[in-house]
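Number of protein chains: 2
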Amino acid sequence: MYVTNPNEFYEAAAHNKFAVSSFQGGDAEKKREIATGKCLFREGDDANSVFEVKTGVLRLTRVLENGRRQVIAFGLPGDIIGFSSLGYHMSECDAIASAEVVEHSVDPKKAGGVDPELRDRLYQAALREISAMQDHFMMLGRKSAREKIASFLMVLSDRLGEELGAYTHVKLPMTRSDIADFLGLTTETVSRTFSQLRAEKVIALEGNKALIVLNADQLLDYAECD
Amino acid sequence: MYVTNPNEFYEAAAHNKFAVSSFQGGDAEKKREIATGKCLFREGDDANSVFEVKTGVLRLTRVLENGRRQVIAFGLPGDIIGFSSLGYHMSECDAIASAEVVEHSVDPKKAGGVDPELRDRLYQAALREISAMQDHFMMLGRKSAREKIASFLMVLSDRLGEELGAYTHVKLPMTRSDIADFLGLTTETVSRTFSQLRAEKVIALEGNKALIVLNADQLLDYAECD
DNA sequence: CGCCCTTTTGAACACCGTCAATCTCCGTGG
DNA sequence: CCACGGAGATTGACGGTGTTCAAAAGGGCG
Numbered sequence: 001m002y003v004t005n006p007n008e009f010y011e012a013a014a015h016n017k018f019a020v021s022s023f024q025g026g027d028a029e030k031k032r033e034i035a036t037g038k039c040l041f042r043e044g045d046d047a048n049s050v051f052e053v054k055t056g057v058l059r060l061t062r063v064l065e066n067g068r069r070q071v072i073a074f075g076l077p078g079d080i081i082g083f084s085s086l087g088y089h090m091s092e093c094d095a096i097a098s099a100e101v102v103e104h105s106v107d108p109k110k111a112g113g114v115d116p117e118l119r120d121r122l123y124q125a126a127l128r129e130i131s132a133m134q135d136h137f138m139m140l141g142r143k144s145a146r147e148k149i150a151s152f153l154m155v156l157s158d159r160l161g162e163e164l165g166a167y168t169h170v171k172l173p174m175t176r177s178d179i180a181d182f183l184g185l186t187t188e189t190v191s192r193t194f195s196q197l198r199a200e201k202v203i204a205l206e207g208n209k210a211l212i213v214l215n216a217d218q219l220l221d222y223a224e225c226d
Numbered sequence: 001m002y003v004t005n006p007n008e009f010y011e012a013a014a015h016n017k018f019a020v021s022s023f024q025g026g027d028a029e030k031k032r033e034i035a036t037g038k039c040l041f042r043e044g045d046d047a048n049s050v051f052e053v054k055t056g057v058l059r060l061t062r063v064l065e066n067g068r069r070q071v072i073a074f075g076l077p078g079d080i081i082g083f084s085s086l087g088y089h090m091s092e093c094d095a096i097a098s099a100e101v102v103e104h105s106v107d108p109k110k111a112g113g114v115d116p117e118l119r120d121r122l123y124q125a126a127l128r129e130i131s132a133m134q135d136h137f138m139m140l141g142r143k144s145a146r147e148k149i150a151s152f153l154m155v156l157s158d159r160l161g162e163e164l165g166a167y168t169h170v171k172l173p174m175t176r177s178d179i180a181d182f183l184g185l186t187t188e189t190v191s192r193t194f195s196q197l198r199a200e201k202v203i204a205l206e207g208n209k210a211l212i213v214l215n216a217d218q219l220l221d222y223a224e225c226d
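From first to last, the protein sequence lines are chains A and B.
If you read the first sequence in the UniProt record's numbering, its first letter stands for residue 1, the second for the next number, and so on.
If you read the second sequence in the UniProt record's numbering, its first letter stands for residue 1, the second for the next number, and so on.
If you want it as structure tokens, here you go:
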């Protein structure tokens with residue numbers, strides 16, 4: 001599942017369980033390491049594989065020719081990334097934190113088709129992604145900047161956060177610009193909203209690559225999830 | 001494929017071909033008719049089936065408790081709707097134009113699992129939907145009101161349009177409010193944008209439920225697709 | 001330490017949302 | 001057939017949220 005909103009925590013949990021139990025053994029899979037900043041695939045590349053994120057963070061991006069960018073998803077450990085319907089990728093995937101992935105070949109031409117069990121697992125993963133993307137629609141179309149940021153931080157806190165007494169420490173592997181392009185905002189608005197939340201003592205910033213959630217209740221309130 | 005943007009026309013074509021050739025025969029499927037305004041499933045309903053739209057138009061909606069609504073997709077002939085990962089639906093599906101659908105059972109408990117061939121076809125359909133949703137992200141997050149409307153009309157024109165000399169006649173089964181909730185706008189903005197396009201002679205309105213595309217080139221320009 | 005990229009902050013503006021009034025369409029019933 | 005009524009659509013005025021443009025501050029790495 002991709003990063004979406006807090007009302008899907010249970011899904012994230014289910015997904016992680018799934019990720020642990022699946023894709024062991026078999027010979028059409030291959031482990032790969034992608035260093036920070038490196039590209040896993042680009043728009044137009046053949047899409048013969050999907051990638052299961054084991055560690056690190058990937059970023060899936062689509063760009064319009066006029067420069068406008070949309071971050072489709074962040075691939076965190078447990079996510080599967082690289083689904084494509086036409087045999088080639090419509091987006092670009094880069095590592096924003098050094099990542100280990102397992103590559104699963106889904107090339108239909110190879111070895112008389114794909115392992116049925118793998119296909120079945122991939123189908124389930126695709127369904128989870130559809131569900132996550134539907135949530136993100138609500139995020140992009142119907143939430144204010146503050147609600148978007150709050151929702152985003154809640155999910156990040158849940159998936160990447162570490163307990164720190166009553167608070168939660170959250171690493172931010174992505175830049176403000178990445179967050180902006182994920183939420184349909186500008187870097188300035190992201191920055192301003194962070195500053196507001198800090199002024200309200202809901203979060204504390206720790207450099208540019210980490211923060212602490214001081215008041216998760218308030219953050220959840222702001223997220224306005226159903 | 002769902003209604004997204006013009007740069008996926010070839011996909012729509014491929015999809016329709018697919019829809020014609022698939023899902024013939026078998027016994028886990030059932031034809032159903034849904035009258036205008038009737039509901040196919042609601043949030044929370046068990047999701048044991050997916051639905052292939054044969055005729056008419058469906059609308060897939062998700063709602064926040066504060067009343068904000070997001071139309072996830074319009075289901076046009078050839079689309080498959082009702083994918084769900086958790087065994088129950090997270091959204092509501094209504095017919096906005098009297099529809100015939102074929103229901104395909106995907107209940108894993110029934111008859112020792114789902115027909116492998118059907119599962120394979122559904123996987124392909126799910127991949128197409130993911131691709132379409134990724135396009136829609138760009139729409140919701142990074143396009144202006146005019147670009148959204150233009151993109152939307154281009155797709156509708158392609159999928160529902162009828163040749164009318166040099167122009168294209170397009171039926172609009174959905175209300176302004178449906179369009180607004182699909183594009184992340186308000187009804188007022190949708191209406192205003194239609195009026196602007198009419199003033200520029202790009203389109204002509206024909207009552208509330210139809211329009212004519214007078215200048216498809218201009219419309220495509222406005223859509224700002226890559 | 002110094003450079004450069006990212007982030008933050010400020011100010012002015014624009015687009016779109018909100019609120020409200022009017023109009024159109026279309027189905028219903030007289 | 002026309003009048004009526006109501007839901008949906010249009011239009012206008014105004015305000016707010018977020019963008020744009022610009023400049024300063026911060027952080028990371030040589």
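Glycine included, every Cβ here is placed at the ideal spot set by N, Cα and C.
Closest in alpha carbon position to P173 (chain B), among B:K54, B:I130, B:A210 and B:K38, is B:A210.
If only complete runs of 4 or more residues are kept, the region 184-224 of chain A shows the alpha helix (DSSP H) at 187-199 and 216-223, in order along the chain. Taking a C-beta cut-off of 8 Å against chain B, the contacting residues of the region 118-132 of chain A are R119, D120, L122, Y123, Q124, A126, L127, R128, E129, I130 and S131, listed in chain order.
Within the region 138-189 of chain B, the alpha helix (DSSP H) runs of at least 4 residues that lie entirely inside it are, in chain order, 145-160 and 176-183.
Taken through DSSP and simplified to helix, strand or coil, D226 (chain B) comes out as coil.
With contact defined as three or more Cβ pairs closer than 8 Å, the region 219-226 of chain A and the region 70-77 of chain B are not in contact.
Spanning the alpha carbons of G82 (chain B) and F51 (chain B) requires a straight line of approximately 6 Å. Contact annotation: in the region 56-82 of chain A, residues whose CB is within less than 7 Å of a CB in chain B are R62, L64, E65, N66, R68, Q70 and I72. Against chain A, the CB of M90 (chain B) has a partner CB under 8 Å away; the residue lies at that interface.
Contact note: S84 (chain B) reaches chain A through L127, I130 and S131, using a C-beta cutoff of 9 Å and chain order. When the Cα atoms are used, K30 (chain B) and L118 (chain B) turn out to be separated by approximately 14 Å. Per DSSP, L40 (chain B) is one residue of the beta strand (DSSP E) stretching across C39 to F41. Of the residues B:A204, B:T175, B:V202 and B:E200, the one whose Cα lies closest to the Cα of V190 (chain B) is B:T175.
Spatial neighbours of I179 (chain B) in its own chain (CB-CB distance under 6 Å, excluding positions within 5 residues in sequence) are listed in chain order as V190. As a beta-bridge residue in DSSP terms, H104 (chain A) pairs with A:E29 and A:V50. D158 (chain A) and S151 (chain A) have their C-alpha atoms spaced approximately 11 Å apart. Taking the Cα of S84 (chain A) as reference, the smallest distance to any Cα among A:F41, A:A95, A:L64 and A:G78 is reached at A:F41. The residues V202, in chain order, have a CB closer than 6 Å to that of N215 (chain A) in the same chain once the five nearest residues on each side in sequence are set aside. If you draw a straight line from the Cα of S49 (chain A) to the Cα of A97 (chain A), it is about 21 Å long.
Excluding sequence positions up to five before and after R146 (chain B), its CB lies within less than 6 Å of the CB of T193 and Y222, all in the same chain and listed in chain order. About 5 Å separates the beta carbons of V101 (chain B) and R32 (chain B), which is inside the 8 Å limit, making them a contact pair.
A125 (chain A) sits away from L58 (chain A), with the two beta carbons spaced by 8 Å or more.
Our two residues, K148 (chain A) and S177 (chain B), have alpha carbons roughly 23 Å apart in a direct line. Here S131 (chain B) is buried. Its C-beta has 16 or more other C-beta atoms within 10 Å. About 5 Å separates the beta carbon of G141 (chain B) from that of Q70 (chain A), a gap short enough to meet the 8 Å contact definition.
L60 (chain A) places its beta carbon less than 8 Å from that of C93 (chain A). In terms of beta-carbon proximity, G44 (chain B) stays away from the interface with chain A, with every pair separated by 8 Å or more. Under the DSSP assignment, A73 (chain A) falls in the beta strand (DSSP E) whose first and last residues are R69 to G75. DSSP, read as helix, strand or coil, puts L60 (chain A) in strand. In this structure, L160 (chain B) lies near K171 (chain B), with their beta-carbon atoms less than 8 Å apart. Taking 7 Å as the cut-off between beta carbons, the residues of the UniProt domain "HTH crp-type" (143-217) of chain B near chain A are G184, in sequence order.
DSSP links D94 (chain B) through a beta bridge to B:C39 and B:R59. Burial of A95 (chain B) is indicated by the presence of at least 16 other C-beta atoms within 10 angstroms of its C-beta. Taking a Cβ-Cβ threshold of 7 Å, the residues of chain A close to G141 (chain B) are Q70, L140 and G184, in chain order. Across the set A:L185, A:D115 and A:M138, the C-alpha of A:M138 shows the shortest separation from the C-alpha of R68 (chain B). The criterion of a C-beta distance shorter than 8 Å is satisfied by G87 (chain B) and A47 (chain B).
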